[in-house]
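Note sheet for the following structure.
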DNA sequence: TGACCGCGTCTTTTT
DNA sequence: GACGCGGTCA
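In the numbering used here, the protein residues as written are 3 to 775.
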């Protein structure tokens, strides 16, 4: 056969691969070999004679693009695969926007603002407009602007759209249109685009410059889109316009795994694909190759509770496998111990390697307890998400220097480093600088270049400091095409004193900062080497910045082996593990309390749970805790409503527990005691307790010691006269619990939680404490 | 101006 | 618990 690789596909997969006559939609159930279909389809197109640089393949993450590319390279060879247009929407279209810069009003080297930058700018604008940031919450404003952009509503359209205005009025933020307007012009002034701009500006480019649209329609003879269920309107329209000329488009996705609506993704894009392309062929991949029957069936029974979906029957031909084990524990700490213990067992008794195991959770903040439990048992793990390498302060600082050198209009970068390391330019001065720039409608850098001309109201000393800063940046900027990225980066790091800043003391923080900065330099070095090896000319600092601004730490995965993976369910999309722990299956956590008010959001949470379960190949273990320490407080919770959505035939539920509703315990006066009662209650189910029992019940410390919470690894005193976990009585504050003890200037100090009176920090030699037994 | 402290807030997911 | 903010003090 001409295409031997097609033999590796099943019937429906092969149909999907070889259909290339017009638009097609591939509904790819979880684990149905979606990536395989995409890679083989591209390989097929290439084997059929298409040139690689006429194929556009859009993925959701850089990592997915990279992986797909290397798999294609294995079939057709590296020097063919490398010419494919393959990447995320954001990276592909930022490239196009740079190439078409003379049409966009931005420069070729525009900066990309990450969400922290854009939030900071929004904050600044709110402040300048003298609005109340309790009403105009930066986060809220940011998401509304983002929503507007994703729906291609420009500031002008925003202000004149009566529906939008009504909505803003209803949300009590009527001035949002002005913030949006100013935000846009400030980004423009700074020659910066945020993530959403990359899509919005691409659309504007294609709308305002039909010649540019035609050019790319011609270039992209075949378009493939992965994870189509997670595209938003802006992405939908880009794809639609590009495909208009030839209709050679293939989108792949699974409506059941649409989990990014908070980012503007619109599940209707996939549900309505047939409306956009009436002639489209639909292929369904329904055989799941990943998971056991029990896992697939459990997931099916769950997703069946959703109403908005494309009908399909996912089935598995693998063995029945284990039931999904549902476990309840008392506290989040116990949940961590439960996970760690079971990983140990799986590792020792069942021969699962650590790399076969993942722990998935709804929110990043849940990783902490799991992490601690694993560390205690010496189980190697790797956490994804949380703050990435590029979000660390020292890295952001260094990159801000790079950014400012590459683009002196980058005001967010300037704000970050104008006084770092400290050079005597304080908030007041910075405020004046920005105010003057606004007053004259120019950029901050223009003001710095002519402080007298713009009447910057600062004294001579401050002006000199500003001029000095300006000259430093200018001197590096002059070298931007003289030195390669690595040489210039080294110069900047050494010359500006950011590195010596970390040499001030040998604290662990500073050591880790040094390491991170070295790590960054190493990465830049590799970047230059790579470019040089390929004979590419774009090895300057601006080129480096263009490349990294869209990277996330998933993409810089070193793939360390034999570690347990810890990540959010979102981050796990597209991955698979032999064993999956899903932790924190509780109401008010999963589903997230933000998404329970309407059916649409709730269905997305359910899909998220579906994604979590379908990551598992062989075992899936779900747990929930009755109490969880969150936001500095112990909260009580009920099992997630989603547990009831799974057909019980596929679950292994503990006998003494039911996942049906239980009356919620309200910890109105002492959660800790409530918890103790609950444990007590569970041990002796015949004894019940009444709520009116509000009198304080002293609990013996030794009993608390059994609680993981009583773990006193944090105690810094050798022999504290008041043990951590003990209950004490204070003449004024009443009864409290000792949280922590330490020695301060030779005096014993204790952190004591007095419930409603708050947590107090007391010196024991003054506080007369009575220890309760 | 900068360091520090105490207070209140707020918490989803990410290109 | 983490962070940001505002106020205070040197």
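Glycine included, every Cβ here is placed at the ideal spot set by N, Cα and C. Everything numeric in this text was worked out from a predicted model, so none of it was measured.
Host alpha helix (DSSP H) of residue i (start-end)
| i | result |
| --- | --- |
| residue 69 | 64 to 78 |
| residue 215 | 212 to 221 |
| residue 655 | It is not in any alpha helix (DSSP H) - residue 655 carries neither H nor E in the DSSP assignment. |
| residue 350 | 334 to 351 |
| residue 298 | 295 to 305 |
| residue 466 | 462 to 479 |
| residue 273 | 270 to 273 |
| residue 611 | 601 to 615 |
| residue 451 | 446 to 451 |
| residue 575 | Counting along the chain, residue 575 falls outside any alpha helix (DSSP H), and DSSP gives it neither H nor E. |
| residue 54 | Note, residue 54: premise wrong, no alpha helix (DSSP H); not H, not E. |
| residue 594 | That residue, residue 594, is in no alpha helix (DSSP H); it is neither H nor E in DSSP. |
| residue 167 | 164 to 172 |
| residue 546 | 543 to 550 |
| residue 104 | 103 to 106 |
Span of the beta strand (DSSP E), counted from its first residue to its last, around residue i
| i | result |
| --- | --- |
| residue 630 | 618 to 632 |
| residue 137 | Neither: residue 137 is in no beta strand (DSSP E) and is coded neither H nor E. |
| residue 129 | Unbroken run through residue 129 is the alpha helix (DSSP H), 117 to 130; no beta strand (DSSP E). |
| residue 567 | 566 to 570 |
| residue 90 | 87 to 90 |
| residue 59 | 57 to 61 |
| residue 584 | 579 to 584 |
Buried versus exposed, by CB contacts within 10 Å (16 or more), residue i
| i | result |
| --- | --- |
| residue 689 | Per-residue confidence for residue 689 stands at a pLDDT of 24, beneath the threshold of 50, marking its modelled position as unreliable; no derived number is given. |
| residue 608 | buried |
| residue 172 | exposed |
| residue 204 | buried |
| residue 443 | exposed |
| residue 718 | Low confidence applies to residue 718: its pLDDT is 31, below 50, so where it sits in the model is not reliable, and the reading given next is rough at best. By the neighbour-count rule (16 or more Cβ atoms within 10 Å), residue 718 is not buried but exposed. |
| residue 70 | buried |
| residue 441 | exposed |
| residue 639 | buried |
| residue 699 | Reliability fails at residue 699, whose pLDDT of 26 lies under 50, so the model's placement of it is uncertain and the value that follows must be treated cautiously. Per the 10 Å Cβ criterion, exposed. |
| residue 315 | exposed |
| residue 644 | buried |
| residue 85 | exposed |
| residue 356 | buried |
| residue 9 | exposed |
| residue 220 | exposed |
Residues bridged to residue i (per DSSP)
| i | result |
| --- | --- |
| residue 638 | 629 |
| residue 37 | Partner(s): none; residue 37 has no beta bridge. |
| residue 27 | 253, 284 |
| residue 329 | 625 |
| residue 289 | 317 |
| residue 267 | 234 |
| residue 482 | Beta-bridge pairing links residue 482 to no other residue. |
| residue 143 | Answer is none; residue 143 lacks a bridge partner. |
| residue 22 | Answer is none; residue 22 lacks a bridge partner. |
| residue 113 | 194 |
| residue 359 | 581 |
| residue 324 | DSSP output for residue 324 lists no bridge partner at all. |
Checklist entry - Three or more C-beta pairs closer than 8 Å, one from the region 590 to 600 and one from the region 300 to 309: is that the case here? => result no
Checklist entry - Fully enclosed by the region 487 to 517, which alpha helix (DSSP H) runs are 4 residues long or longer? => result 487 to 497, 500 to 503
Checklist entry - Any chance the region 275 to 289 sits against the region 11 to 31, with 3 or more Cβ pairs inside 8 Å? => result yes
Next on the checklist: Across the region 216 to 231 and the region 57 to 65, are there enough close Cβ pairs to call them in contact, namely three or more that are closer than 8 Å?
Outcome noted: yes
Checklist entry - At what residue ranges does the region 182 to 262 contain a whole run of the alpha helix (DSSP H), taking only runs of 4 or more? => result 197 to 210, 212 to 221, 235 to 245
Next on the checklist: Just to confirm the assignment: which complete alpha helix (DSSP H) runs, minimum length 4, are found wholly within the region 361 to 432?
Outcome noted: 369 to 378, 395 to 408, 413 to 419
Next on the checklist: Could you check whether the region 406 to 419 touches the region 618 to 628, counting it as contact only if at least three pairs of C-beta atoms, one from each stretch, sit closer than 8 Å?
Outcome noted: no
Checklist entry - Counting Cβ pairs closer than 8 Å, one from the region 578 to 587 and one from the region 623 to 640, do we hit at least three? => result yes
Next on the checklist: Check whether the region 170 to 188 and the region 125 to 142 are in contact - that is, three or more C-beta pairs closer than 8 Å.
Outcome noted: yes
Checklist entry - Pairing CB atoms from the region 77 to 86 with CB atoms from the region 96 to 114, are three or more of them under 8 Å? => result no
Checklist entry - Are at least three pairs of beta-carbons, each pair with one atom in the region 267 to 278 and one in the region 13 to 22, less than 8 Å apart? => result no
Checklist entry - Would you call the region 425 to 440 and the region 449 to 461 touching, i.e. three or more CB-CB distances under 8 Å? => result yes
Checklist entry - Should the region 464 to 482 be regarded as contacting the region 359 to 369, the criterion being three or more beta carbon pairs within less than 8 Å? => result no
Item to check | Three or more C-beta pairs below 8 Å linking the region 376 to 392 and the region 561 to 571 | outcome: yes
Next on the checklist: Below 8 Å, how does it come out for the region 255 to 267 and the region 103 to 123: are there three or more Cβ pairs, yes or no?
Outcome noted: no
Next on the checklist: So, does the region 384 to 402 touch the region 337 to 346, judging by three or more C-beta pairs under 8 Å?
Outcome noted: no
Next on the checklist: Three or more C-beta pairs under 8 Å: does that hold for the region 533 to 550 against the region 478 to 488?
Outcome noted: yes
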